[in-house]
Structures are given as structure tokens and as C-alpha cells.
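Everything in the sequence shown is counted per the UniProt record's numbering, starting at 1 for the first residue and increasing by one.
The structure appears right after this line, and notes come after that.
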Amino acid sequence: MTALRDALFRPQRIALVGASADPAKLTARAQIHLRRHGFRGTLYPVNPNATEVLGEPAYPSLEAIPGPIDHAFILTGADRAIEAVEACAAKRVPVATVLANGFAEAGPDGAARQAQLLATARAGGVRLLGPNAIGLVNVTEGIALSVNAVLAMDPPLPAGRTAVLSHSGSLIGAILSRGAARSLGYSLLAATGNEADLGVADLLRLLAEEEGTDVILLFLETIRDAEALRDAAAAAHAAGKAVLAYKLGRSAAGAAMALSHTGAVAGADAAVDALLAASGIARLDTFEGLIEAAPLFARARPFAAPRRAVSVLTTTGGGAALVVDRLGLAGIASEVRDMTLAGTNPDRIASALAAMDKDERTDAVLAVIGSSAQFRPESSVAGVTSAAGALKKPLAVFLAPDAPETAKGLAAAGLACFRTPEAAADALRARLAWRAPAAPADAGDVSSAERALAGASGPVLDEAEARAVLAALGVPVAPAHLVTDLDRLSGIPWALDYPVALKAVSPALPHKTEAGAVVLDIPDRGALRAAARAMVARLRNVPLKGLLVAPMQRGIGEVLLGFRRDPQGGPVVVLGAGGVLAELMPPPVVRTAPLDLDDAREMVAAAPIAHVRGVRGRGAGDLDALARAVAALSRLAALPEVTEAEANPLLVKGEGEGVAALDALIVRRRPGTEAVASS
1 MTALRDALFR
11 PQRIALVGAS
21 ADPAKLTARA
31 QIHLRRHGFR
41 GTLYPVNPNA
51 TEVLGEPAYP
61 SLEAIPGPID
71 HAFILTGADR
81 AIEAVEACAA
91 KRVPVATVLA
101 NGFAEAGPDG
111 AARQAQLLAT
121 ARAGGVRLLG
131 PNAIGLVNVT
141 EGIALSVNAV
151 LAMDPPLPAG
161 RTAVLSHSGS
171 LIGAILSRGA
181 ARSLGYSLLA
191 ATGNEADLGV
201 ADLLRLLAEE
211 EGTDVILLFL
221 ETIRDAEALR
231 DAAAAAHAAG
241 KAVLAYKLGR
251 SAAGAAMALS
261 HTGAVAGADA
271 AVDALLAASG
281 IARLDTFEGL
291 IEAAPLFARA
301 RPFAAPRRAV
311 SVLTTTGGGA
321 ALVVDRLGLA
331 GIASEVRDMT
341 LAGTNPDRIA
351 SALAAMDKDE
361 RTDAVLAVIG
371 SSAQFRPESS
381 VAGVTSAAGA
391 LKKPLAVFLA
401 PDAPETAKGL
411 AAAGLACFRT
421 PEAAADALRA
431 RLAWRAPAAP
441 ADAGDVSSAE
451 RALAGASGPV
461 LDEAEARAVL
471 AALGVPVAPA
481 HLVTDLDRLS
491 GIPWALDYPV
501 ALKAVSPALP
511 HKTEAGAVVL
521 DIPDRGALRA
531 AARAMVARLR
541 NVPLKGLLVA
551 PMQRGIGEVL
561 LGFRRDPQGG
571 PVVVLGAGGV
581 LAELMPPPVV
591 RTAPLDLDDA
601 REMVAAAPIA
611 HVRGVRGRGA
621 GDLDALARAV
631 AALSRLAALP
641 EVTEAEANPL
651 LVKGEGEGVA
661 ALDALIVRRR
671 PGTEAVASS
């Protein structure tokens, strides 16, 4: 891994395949940037039509270059990139970055071209960054191996101990330029593009071993391998590094294809939230917050549990209100000490900050500086900078006016300085919510559930089949009788505890209520037979396996317990309000699966299910039995063919009386077939 890391991050012999002698062209930029920012190694421009490129000897091919090459930057178009990778393999080049687009992002033909590119690289032992990757910049060692236009900035590049990994190459430039304007420096920035081979998770794992990096920022457009990202984040945490992420995609569009209520109420972004939290990755909701928050996390460790209180010292009441309002929206309590009349007296401010730091009721400290930050850059924050070194709690600073010089001074002192109230509140929220990576739980033996699943037919299990799988996992299921003789209804038991519920059994009816496939509170046998005949007639165009007859259950309340295998976030378990109104209730809680019993209990405590907690005179439900059911359903993570499952509703009975699934749904993907649900 050390050899790969060096070839990727600190190559000394670089081939620029397709380098142009015209400095105005994109394909000339890498050579210009490398020399502009002090690259001390050897460059080998490859151009069959020139003997010299921008003052350096050029070579007609990779093969013609004397000696080994550490890293090849392939600047050719997509049509010649595969040929260039073949040449890298013949030359035994360990790493190649491919700039060209026109691959998987361009449709089926491009995807096929990318598959061929990857196959060529793997056959030749070449690791790929890209395609559609703009390159990387090792600021610490002056290796600007990128065509990003931002590198035209005057040297030196802003150096620091924060690394950046991004799917987007243009965002690398945005972060570098915005950081420079704030006196925030970087150790390394890399764009991964299409991630045909090396992806964000791979580079994150490599950065975990970099001694010159304390914080790693991720700009994510997607997550291609949830397990790899989680493992890499754990490695970074073990190495004492904080990982922060800004992830695109906070919309409900991903839930549109979901077949279960679980998929509708816990779409892709909820699963990503759960994955990042379990991975120990702090998620930021604002781009500015991502850039400015790094000092708040540098050389810090997460809290053992989420915190919810901030002490605010301010020299401007209105400025403080801006941040306090945002913190309140995030559920964070604020206690404000207004020192407007005290001005910027350094001793008073330092003393106040020290007192806040010692207050056991607060978890972080925010200093809000008013107009003095603009007109007296040094004195306005002297009290903050003098006190900062002795504070044990996280300290953030928000500058209400536009005060770039003051911001630079705070950055030079290693303090987190924010230019907007939104970014300040966002960063504090993320810092207080930040947890250490959770060790993945063991799903245990799921062989009985595998057997039950194998006995089912079709991608959507009917309710009888789904009940068998849930029971095999250890989720309690309410008793029911399957009647398969739909003509004479001879299978209806004589001994039933009335009233009963009647439900149609068919994989074509994942949501029975809307289809008129459920009748509740049937009082006696005669009414049951009549309801059954009417249901069979009503659903005559639906392929029915039979009818389920189940005694009505009574309990404290209903919840939704679900499972979803998200294409980005991986396997998650979902808990929220249940029944037919599940999608209309407050959002459920979502956690990565599988869960152990302790984590399941924490999930139950966090879920919006007050109606089963004994509020407003209602009896308390059996929450421990609910936690056991949560842990049991989460074991579906070990059955990769299952894409969605749920017990909705799951009836929570009184304390000591347990829980029971009243309905069950399981959706699966056969190996080699497309997912039929959320993915």
C-alpha cells in the first residue's frame, strides 16, 4: 500500500501522455502547473509530433522514455485512453490518471468503454484514477498534477493539514480558492471522477496513513461502496483523523420507486445519513460549513454521545440571534452572554470564555464578534485568541461583518472562523453530533431465514411467505391461518377467537388496504364466510394464493419496523409510526444494519413513537421486546438478495407482553437480476 500511496500522492517521475506544446490548451496545463508550483521531479511529456514541449524534451511514446515512470497523466481523448493504458501496462507504470470524459457518465456506450478501460488496466496491473478525473494536488510537496484552472494562482499554494477528496474536479478548485481566501491550507486535494478503479474510499484509506493530515474533507456526489467507505473511515479515525463530508442528494426523489412504506419514508438520503453517522463521518449541510469547519475538528475526538448545548458570547446581539436561530432549528439549546456594552476588552472576553468552558451545562462555545472585527482586526479578537489555547471544549467564531483580515488572523491561530451564521450553526451541529465509528454488529446465524426465503417464489413474497421469513429471523408474528380453498372456503378453522381480520394473500398486493384486500373486526363465522366470498369476488382479477384469517390483536400502539438495502447507504433498519398512515407521520429513525441489542434499544429511544411510551395516560409498551424485534429484523443485512422488508404494522403490547407483526412484506432481488424495489 505504501508503494501505491507514493506513486499516487508523491510521484517523482511523471509522464504527461498527450501533452500539448500550446500553452493555451487544456492539455498543456498540467506541465505548466507542476513547474509553476515547484515540482522538483522529472517530467516526461509524451507527444509524437514534437521533440520539445514547453521547453522540456518530449518523447514519441511511453516506451521511448528511459527508466521507470511513477505516474502517468493521460491527457488524450477517450478514443485513445485505452491505448494509453495499454502502453502504461507495457511500461509497468503503477498508476495512471485519466482526464478524458465520455465514459460511464455518457450513457451505455461510454459505460462499455469504461469497462474496457478498467479491464485493460487490471490485466496490466495499472491502478486508475478516473476517468473523468481532473487530477490531484499535493500541496505539501509542490506536486500540482492537475489541469484545474485554479492552479494559475500565484505560488505558494496554501499549505495546511486538511486533505480534500471529491468526485467533482471543479469543486477541488472551488475549495482550494475559497480556502486560500480564508487563509485555510491543505495537504492534498484529489478528484476521483468516475471511480472506475480507485475511489474516494480507497484514497481515504491511503490518507489515513499520511502523517501530514489531520482532517479529511469529502465532497460526495454518490457512494458506490458503503462497506469500503465505512472501513476506510474507521481506519482514519484509528489514525486520529477527522472525516467530514458534504453529500449531494438531499431530496425525496429516491423514494419514488420504493415498493414498501419503508422505502417511501426512509429514502436514499436517510440511509446515507445513517451510513455516515455509523462510519464516524461528520456530515455538513452547507458547502461553506464544510470548508470552514476543519479547524473545529482538527486533532479532536468525537463526543461519546451527541450533545445539545452551546454557550454564546457576543458583542452584537443581532449577530448572535442569527446563529442562535439556526442552532434552534437543529435542536441545539443556546445560552447567550451579551457583552456588547463591554466592547472588545480582551481580558473580559477571555475571562467569559473560560467561565463558559468550565460550565458543565454547555458542550461547545461560540464567540460572535460585531463591527469591531471589521475596523480593529487585531484587538477585536485578542481575547478570543488568548483564551483559545486553554479551552477544553470546541470553540467557534462567527464574524458578523465582512472582516477578511480578522478571519485570516483567526485561521492563523488555528481557530474555526465562520463568515455566515448558517455555516457556523451547521458546523457546530455537526461537531456536537459527531460520534466515533460504530463497530458493525454480527448478524448471527440466518440459515433458517435463508431456508424460508428459498421456499418462496417470485421477487415479491406474499404475506404468508414473508411471515415465515420474519419468524425465522426472530421477529414475533401474530398467529394466522391460511385458507387456500377459495371456492368452498373449507379451510376456515371452526375454533377461532373472534373478532378476526381477513386478508388476501398475493405477491401482487404489497399494499392491501388500498386494494380492498383487508377486512377487520369480523364478529363471527357467518360474517367471515360472507366477507371471504366478497373479497374473492372483488379481487377476481388478482392472482390469489389464499386468504389469511387472524384473530384481532390488541395492544398499546402500532409502529413501522422496516429494512432497506439502499444502493448508496447500504443495509439499514427503519423504525417509526406504523399503520396505513406511516408516510404521513414524522420521519422515522434510520440506522445501519445489522444492530446489536444495545444499539437497537438506542434506536427505540430515538424513534418518534411517543404513543407506545406511556404518554398522556396511556400504558407503556414493551419497548425491550420492540428492541429485540429491531435487532432481529436488522439481521436481513446478511441476506443480500433482500432489498426491502417490513412489519407494518408491528403491534406493541403492554410491558412484558411482547410485540407482534400484523402484516409482513419482503422484496428480494434474485442474483443476476435487477432490483425491483428501491435500487
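C-beta atoms are modelled at their ideal positions from N, C-alpha and C, and glycine is treated no differently.
Note that the structure is a prediction, hence the values are computed from the model and not measured.
Do you know whose CA, among GLU465, VAL243, ARG80, VAL93, lies nearest ASN101's CA?
ARG80
Decide if LYS25 is buried, meaning its Cβ has at least 16 other Cβ atoms within 10 Å, or exposed.
exposed
With distances taken Cα to Cα, identify the nearest neighbour of residue 682 among GLY41, SER187, ILE556.
Since the displayed the chain opens at 1 and closes at 679, residue 682 lies outside it and no answer follows.
Relative to the C-alpha of GLU646, which residue among VAL460, THR76, ILE492 is closest?
VAL460
Can you tell me whether LEU176 is helix, strand or coil according to DSSP?
helix
Apply the 10 Å Cβ neighbour rule to THR286 and answer buried if 16 or more other Cβ atoms are within range, or exposed otherwise.
Counting C-beta atoms within 10 angstroms of its own C-beta, THR286 has 16 or more neighbours from the protein chains shown and is therefore classed as buried.
Three Cβ pairs or more, each shorter than 8 Å: is that satisfied between the stretch 7 to 27 and the stretch 137 to 157?
yes
If you pair each beta-carbon of the stretch 296 to 304 with each one of the stretch 420 to 437, do three or more pairs fall below 8 Å?
yes
Do the CB positions of VAL381 and LEU410 come within less than 8 Å of each other?
yes
Comparing alpha-carbon positions, which option in ASN47, ARG451, GLU422 lies nearest GLY289?
GLU422
On the DSSP bridge assignment, give the partners of TYR186 in chain order.
Answer is ALA159, bridged to TYR186.
Return the chain-ordered list of same chain residues with a C-beta closer than 6 Å to the C-beta of ALA253, the five sequence neighbours on each side being excluded.
Confidence at ALA253 is low in this model, with a pLDDT of 49, below 50, so its placement is unreliable and no value can be given for it.
Quick check on the DSSP output: the beta strand (DSSP E) that includes THR120 runs from which residue to which?
Where THR120 is concerned, there is no enclosing beta strand (DSSP E), although the alpha helix (DSSP H) it sits in stretches over 108 to 124.
When the Cα atoms are used, what is the spatial distance from ASP225 to TYR246?
The alpha-carbon atoms of ASP225 and TYR246 are separated by roughly 17 Å.
Could you please give the first and the last residue of the uninterrupted beta strand (DSSP E) stretch that includes GLY135?
135 to 138
Express the C-alpha separation of ALA413 and GLY318 in angstroms, rounding to a whole number.
26 Å
Tell me whether ASP551 sits in a helix, a strand or coil according to DSSP, three-state version.
Looking at the sequence provided, one finds Pro at residue 551 rather than Asp. In the structure shown, PRO551 sits in a strand (DSSP, three-state: E or B).
Using the Cβ count rule (16 or more neighbours within 10 Å means buried), how would you classify PRO594?
By the neighbour-count rule (16 or more Cβ atoms within 10 Å), PRO594 is buried.
Note down the Cα distance separating ALA627 from VAL519, rounded to an integer number of angstroms.
If you take the alpha carbons of ALA627 and VAL519, they lie about 29 Å apart.
List in chain order: all unbroken beta strand (DSSP E) runs of 3+ residues lying wholly within the stretch 457 to 500.
Qualifying beta strand (DSSP E) stretches, in chain order: 481 to 483.
Got a sec? Which residues, its chain only, sit under 6 Å from GLU674 by beta carbon, not counting five neighbours each side?
Unreliable positioning characterises GLU674 in this predicted model, as indicated by a pLDDT of 44, which lies under 50. A coordinate reading is not provided.
Name the one or two DSSP bridge partners that GLY38 has.
Per DSSP, none; premise fails for GLY38.
Which residue comes first and which comes last in the beta strand (DSSP E) that contains VAL397?
395 to 399
Using alpha carbons as the reference points, say which of ALA530, ILE32, THR42, ALA606 lies closest to PRO68.
THR42
With a threshold of 8 Å, are at least 3 pairs of Cβ atoms found where one atom belongs to the stretch 165 to 178 and the other to the stretch 214 to 221?
Taking 8 Å as the limit for Cβ pairs, the verdict is that the stretch 214 to 221 does touch the stretch 165 to 178.
Hey, which unbroken runs of the alpha helix (DSSP H) at 4 residues or more fall wholly within the stretch 617 to 652?
623 to 634
On the DSSP bridge list, what partners appear for SER146?
GLY135
Looking at ALA96: is its Cβ nearer than 8 Å to the Cβ of ILE65?
no
Answer yes or no: do ASN194 and ILE172 have a C-beta to C-beta separation smaller than 8 Å?
no
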